[in-house]
Each structure stands twice: as structure tokens, then as C-alpha cells.
Amino acid sequence: MNDTELAGFTARIQARLAEIADHSASEKDAQAIVELDQQAVGRLSRMDALQNQAMAKAQQANRDIETRRLQAALIRIEEGEFGYCEDCGDTIPKARLNLDLAATKCVSCASG
Numbered sequence: 465m466n467d468t469e470l471a472g473f474t475a476r477i478q479a480r481l482a483e484i485a486d487h488s489a490s491e492k493d494a495q496a497i498v499e500l501d502q503q504a505v506g507r508l509s510r511m512d513a514l515q516n517q518a519m520a521k522a523q524q525a526n527r528d529i530e531t532r533r534l535q536a537a538l539i540r541i542e543e544g545e546f547g548y549c550e551d552c553g554d555t556i557p558k559a560r561l562n563l564d565l566a567a568t569k570c571v572s573c574a575s576g
């Protein structure tokens, strides 16, 4: 992979990381503690709020995982290991990297 292609992947990874950070910041309130206020909110409304909070926390956990994977991809770019399978060492096709910027395995190793 040439320097121009690596720079393109780096820019896409950084853009995705910024997008994830923006999402996380905008969803901060959804993860807040649900207050128990029997006068203002009924039992079912509170259950809805708790369910929404749980979903927001699960989405944040998924964003955290993606962030770690993308940061690891940036490290692989710096170390010259980006685009190579971590199992067999073969080149990961660019089409696969375009679909998953953080892919660490070629198609054959990923499929088992």
C-alpha cells in the first residue's frame, strides 16, 4: 500500500473517530441516572426511561469498542502493519479495508 492510500485510510479513520466522539457527547444525557420521582413520572414512564438508559449505555459500549479498534488501526498504520493479516501475514484486500477500516484479518483467516 502506498503513502497516498495510507493517508486516505488515516483520514477516514480520524473522521470516524470524530464522528463517534460527537455521538458520545450528544448521548451523554441519555445515559444519566434515572431519577425516581413518583409525583412527576408514573411507573411505566420510569420503566421506559430505564430501558432507554440501558440502550444508550449499550450503544456507548459499542462505540467504545469501535473507538479502540480504530485507534489500534492508527497504531498499525504508524508501525507499517496496516493492511496485513495478523494471523497469516498476507495482504488484506483494500475492498475489505474499505468496508471495515479496523480489519485485522484477511478473508480466509476471518472466516476460519
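Those letters in the sequence shown? Residues 465 to 576, by my numbering.
For glycine and all other residues, C-beta sits at the position ideal for the given N, C-alpha and C.
- Scanning the segment 467-546 for uninterrupted alpha helix (DSSP H) segments of 4 residues or longer gives 467-490, 507-543, listed from N- to C-terminal end.
- Pairwise C-beta distances place the segment 512-521 out of contact with the segment 529-543, as fewer than three of them are shorter than 8 Å.
- About 19 Å separates the CB atoms of Thr531 and Glu550; that is not less than 8 Å, and the two are not in contact.
- For Glu469, the closest alpha carbon among the candidates Asp528, Ala574, Cys573, Phe546 is that of Phe546.
- Less than 8 Å separates the beta-carbon of Glu491 from that of Gln524.
- When the Cα atoms are used, Gly576 and Cys570 turn out to be separated by approximately 10 Å.
- Beta-bridge pairing by DSSP links Thr568 to no other residue.
- Put simply, the backbone Cα of Ala485 is about 12 Å away from that of Ile477.
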